[in-house]
Every structure is written in structure tokens, then in C-alpha cells.
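Going by numbering that gives the first Met the number 0, the sequence shown runs without a break in its numbering and finishes at 304. Note that the Cβ used here is the ideal one computed from N, Cα and C, for glycine as well. Here the structure is laid out as C-alpha cells; the discussion comes afterwards.
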Amino acid sequence: MPTGPDSIPAIDTMMGTKAGPGARKIYKDLMALKDDESREMVFPAQYMFKDVPYSPDARGAENDDNETTEPPIPEGADLLLPAMDRHNVEYALLGVGPSGSTARSLIAEHPDRFLPSFDPDPNDVMGSIRRIRTLHDELGLRAVSFFPSGGNPQVPIDDPKMYALYAVCCELDLPVFCCAGVPGPRLPFAPQRVELIDRVMYDFPDLTFVTRHGCEPWEDLIVKLMLKWPNLYYSTSAFSPKYYPKAIIDYANTRGADKVIYAGYFPMGLSLDRTFAELADVPFDDDVWSRFLRGNAARVLKLDE
């Protein structure tokens, strides 16, 4: 298994910048969540993960002075770079926010390690179009990401508002990373049904579309669609490697070695330590690893141009 400082330099196509209570702010726009438990979670899918990195319940008890017994939770470069260096993660794709945000600072200070992505609001079509163009010009934007079930109101994968944003991505030659399948947060899944991707790929043959978050329970369908559409890819975000779907592993080992892309979920739900430890047991063929960990992402993100 190629991990460690002398192995394949990986590209992580999904990474956050904050952990613990600070991460909750990232999800403040998920106003459609209705249950009380979700509102108290560090992130809305926390119930699905056994050991959420740096979550309050993993931090130790408070002492008599109501102070935690653990040191402050690091964030930004202090949180990400040590973990990336331990596991030879060369680049990480970060979602950028407003000027002055942690992600913007990281990309400015470490352009050799962090790549900018942007998660626009499809309900603000023209504002999002302008923002994508501005970030592309100012930061060298590498990708655009979507969470269809997370909008308020929700915006399905094949919605006309999404089509306007797909058109801009085609014009600027930017890949799209989009959640597909049943979402972890307690939100309706209809906007992320995998069959909706089929029409998008038909209408936008030049669009590079990468799925996120598993495509469950339609793993066999996404494999069929990847065989059909040359610009459709699958990334492993938010999945512990021991739970990678069998259909995806089998596809990578046969006709899909160039279609499956590594993505983690650090520091939201999975540590890089756990992810890379479990990667050792994933039964990818030897010739798949370099493409899975780096080559496919480098091509999609145009890192080698």
C-alpha cells in the first residue's frame, strides 16, 4: 500500500479548515434542518461517524473551573499541514469563503499545498455566476462544488438554476464536484438522485462532473453512468476506506482505473490517520493506486498543465 513519506504524493479533493465547535459555523446555511439533535451536532452528519475528530465529546471533561482539560483545538495550517505531511498529501482542495477566511489565508500562504474550490448558492444565480468568475480571475479557482440537498430551498442536480452554473463552469473549464445519493444530514434526498446526472451529462458533454459522498444506494448506477459518460467521475469523500462500496472497487480494478478519485473528510468526520491506515486494506490493484491517489485528480484539476 503506497502511503508514507516515500510513496505516491496524494491529492485530497475534499478537506475542511476547522474542527470541533468552530466547524459548526460552516453549516450555518443548512437552515432546512428541522430536528433538534442535528442543530446540536458539530456537523450535521455527525451521527454517522464513530469518532468525529476533535469533537467536544472526544476532548475530555471540563475541570472545576469549567475549562477543558485539553489544549485548544488547532485550526488552519496548524491543523492541516502536520496531518498532510504525515501521510504525504501534497495538495488539498479547500472551499473558499469571503476575503479573510481561513481557507483564503491558507491558499495565499501555501499555494503549493492548497487549491481553491467554491460552493456557490444556486438560488442566487447571477450572484454566483459573478462570484465564480471573480474567484477564477483572482485566485485561480480549480473547481466548483455543490450540495443539492443542502440548499434552502433545495436545488436538484438537474434544476435550471444549476444549468446556468454548469454553463459557466464549461466556459471556464472548471470541474464540478457534486454530492450525490442519500445525504448524511437529515434532509430529503430527492435533489441528489443519481439518475439526475444522466441528463446533465447529455446536455453538457464538455462538463467534468465528479460525484461526492458515495452515491448510495445507487452505486451500481453510477458505475453504469461512468461507463457511458467520459467526463463523469466518482470521489470517495466522507467514506472511511473500509466502507468503500464494492461496486466502486471492482470498477476501479477493471474499466474504471481512470475514473475513481481519492477524497477524505478531514477534519469534519474522519482523521487522515484513520483514513490512511484503512487504505492499506483496500483491495485496489497495484496499477490503480497512483491514479486513485494522485493521477486522476491531477488531470481533473489540471495540475500538470
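Determine, for Arg103, whether the minimum Cβ-Cβ distance to residues of chain D falls below 8 Å.
In the structure shown, chain D does not exist; there is a single protein chain.
What three-state label does DSSP hand Ile154 in the structure shown?
In the sequence on display, residue 154 carries Val and not Ile. The answer is coil: DSSP assigns Val154 none of H, G, I, E or B.
Let's test the definition: count the other Cβ atoms within 10 Å of the Cβ of Lys17 and tell me whether it reaches 16, buried, or not, exposed.
buried
Determine, using beta carbons only, whether Gly183 and Ala237 come nearer to each other than 8 Å.
yes
Whose CA, out of Pro119, Pro229, Met200, His212, lies closest to the CA of Ala44?
Among Pro119, Pro229, Met200, His212, the Cα nearest to that of Ala44 is on His212.
Expressed to the nearest angstrom, what Euclidean distance is found between the alpha-carbon atoms of Glu194 and Leu220?
Distance from the CA atom of Glu194 to the CA atom of Leu220, rounded to whole angstroms, is 8 Å.
Alpha carbon to alpha carbon, what distance is there between Asp158 and Gly3?
Residue placement at Gly3 is flagged as unreliable, the pLDDT there being 42, under the threshold of 50; the coordinate-derived value follows with that caveat. Straight-line spacing of the CA atoms in Gly3 and Asp158 works out to 43 Å.
Which of the three DSSP states is assigned to Cys169 in this structure?
helix
Round the Cβ separation of Pro190 and Pro155 to the nearest angstrom and send it over; I've been treating them as touching at under 8 Å.
4 Å
Report back the beta-carbon spacing between Ile7 and Ala296 to the nearest angstrom; my notes put them in contact at under 8 Å.
The Cβ separation is near 11 Å, so there is no contact.
Do the CB positions of Met13 and Tyr243 come within less than 8 Å of each other?
no
So the candidates are Arg132, Leu134, Gly139, Asp123; which of them puts its Cα closest to the Cα of Met161?
Asp123
What are the uninterrupted segments assigned as beta strand (DSSP E) that are 3 or more residues long and contained completely in the region 189 to 256, given in chain order?
208 to 211, 231 to 234
Beta-carbon within less than 8 Å of Ala102's beta-carbon, same chain only, minus the 5 sequence neighbours each way: which residues are those?
Thr16, Leu93, Gly94, Val95, Gly96, Phe113, Pro115
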